[in-house]
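S.K.:
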Amino acid sequence: MAPNLHIATHHTCVSQDVPPRPEVSMIDATQMPALEGKRALILGIANEHSIAYGCARVFRRLGAEVALTYLNEKARPFVEPLAHELDARIFAPCDVEQEGALDSVFAEVRETWGGLDIALHSIAFAPKDDLHGRLVDSSAAGFALAMDVSCHSFIRMAHLAEPLMTQGGTLLAMTYQGANKVVPNYNLMGPVKAALESAVRYLAYELGPKGIRVHAISPGPLKTRAASGLKDFDLLLNEAATRAPVHELVDIDDVGMTAAFLATPFAHRLTGMTVYVDGGLSIMA
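Letter 156 of the sequence shown, counting from 1, is numbered 156 in UniProt numbering, and no numbers are missing.
Spelled out as structure tokens, the structure:
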């Protein structure tokens, strides 16, 4: 993005109207192979609209090799073409609810690559009744399942990634502003994502001495398969586009470029952060 920095210094705004912003395509912004030779594992791609796919695509264009997972055989036809497109070195099933599923993926990573540089977690789930109901009415079983899939699986991923990141690395998790603000209809997932963000900070503290950096990325509302499960999500999208200072919604490439930056040497002194990629929505009262 550096070639476009001159725009702000060579033009003076003479009216109160907002000047048109320069068009910066994702391809233009990812010409430098800042991840050349890096090995990235991406968990949580469901289809071409997935945040995880946007991240994997940018990683690949920046020179990284990628390993992708899919939930089950029902999901495989939606993810397999993306694995071919990205020339994924590993394409494996991974349902984190199943005992040993993550272990199998990491065993394949070790066998194929011998090490790992980036691991991205974009997995969340809550039973429908618990997600759509009030938090105060949530079941113990539903809460525990949401916490296991959405939070503890990230901790398990970090545990398995640690011995493979002998030269340091980056662990990334996806969160949402409902973790620290009340977002209507986010319900059960609010405290679950809050736990995930806290886990990110503690993992950053524990793994920092080994050069492993840990971040949560908090995108604004996006039309993804996971988001479709939220009640009145279209209203949330419209509100975000109206209230965000940039008056635009983010897309999966925006999230991917942020994830890529956090995994490059440019961010080597950053860790334990929740990074908002939401057009400024999170700063609004």
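All C-beta atoms in this analysis are idealised placements derived from N, C-alpha and C, irrespective of residue type, glycine included. None of the values given here were measured: they were computed from a predicted structure.
#1: Roughly how many angstroms separate the alpha carbons of A141 and D148, rounded to a whole number?
#2: Going by C-alpha distance, which of S139, G54, M273 is nearest A216?
#3: Closer than 8 Å by C-beta to A34: which residues in its own chain qualify, once you throw out the five before and the five after it? Chain order, please.
#4: Look at the alpha carbon of A146 and the alpha carbon of E111, and state the distance between them as a whole number of angstroms.
#5: Would L207 pass as a contact of A158 if the rule is Cβ separation under 8 Å?
#6: Mind the definition here: the region 63-80 touches the region 89-96 only if three or more C-beta pairs lie below 8 Å; say whether that holds.
#7: Assign G280 to one of two classes, buried (16 or more other C-beta atoms within 10 Å of its C-beta) or exposed (fewer than that).
#8: Is Y202 buried or exposed, if buried means 16 or more other CB atoms sit within 10 Å of its CB?
#9: Please say whether T175 and L160 have beta carbons closer to each other than 8 Å?
#10: Does the region 180-188 come close enough to the region 244-258 to have 3 or more Cβ pairs within less than 8 Å?
#11: Going along the chain, which residues of its own chain have a beta-carbon closer than 8 Å to the beta-carbon of L249, five neighbours each way excluded?
#12: Can you give me the C-alpha to C-alpha distance between A56 and A101, rounded to a whole angstrom?
#13: Are the CB atoms of S150 and F125 nearer to each other than 8 Å?
#14: Quick one: is L41 buried, meaning 16 or more other Cβ sit within 10 Å of its Cβ, or exposed?
#15: Please report how far the alpha carbon of A173 lies from the alpha carbon of L120, in whole angstroms.
#16: Take the Cβ of R21 as the centre, count every other Cβ of all protein chains shown within 10 Å, and call the residue buried at 16 or more, exposed below.
#17: Of the choices N180, H247, K210, whose alpha-carbon is the least far from that of S218?
#18: Pull up the distance between the alpha-carbon of S282 and that of E108, whole angstroms please.
#19: Do the CB positions of G178 and G211 come within less than 8 Å of each other?
M.R.: The short version:
#1: Taking C-alpha positions only, A141 is separated from D148 by approximately 10 Å.
#2: It is M273.
#3: Once the five neighbours on either side are set aside, the close Cβ partners of A34 are L62, G63, A260, T264, P265, F266.
#4: Straight-line Cα distance between these residues: approximately 31 Å.
#5: Taking 8 Å as the Cβ cut-off, L207 and A158 qualify as a contacting pair.
#6: These segments touch.
#7: Counting every other CB atom within 10 Å of its CB across the protein chains shown gives G280 a total below 16, marking it as exposed.
#8: That one is exposed.
#9: Annotated as distal: L160 and T175, with beta-carbon spacing of 8 Å or more.
#10: Counting Cβ pairs under 8 Å, fewer than three are found: no touch.
#11: Cβ neighbours of L249 beyond the five flanking positions: G220, P221, L222, L237, A240, A241, G279.
#12: Distance between the alpha carbons of A56 and A101 is about 21 Å.
#13: Contact flag set, yes.
#14: Looking at its Cβ environment, which holds 16 or more other Cβ atoms inside 10 Å, L41 is buried.
#15: When only Cα atoms are considered, A173 and L120 end up about 6 Å apart.
#16: For R21, the predicted model reports a pLDDT of 46, less than 50, meaning its position is unreliable; a value from the coordinates is still stated below. Residue environment for R21: exposed (fewer than 16 other C-beta atoms within 10 angstroms of its C-beta).
#17: Checked all of N180, H247, K210; the closest Cα to S218 is N180.
#18: Looking at the backbone, the Cα of S282 and that of E108 are separated by about 39 Å.
#19: No.
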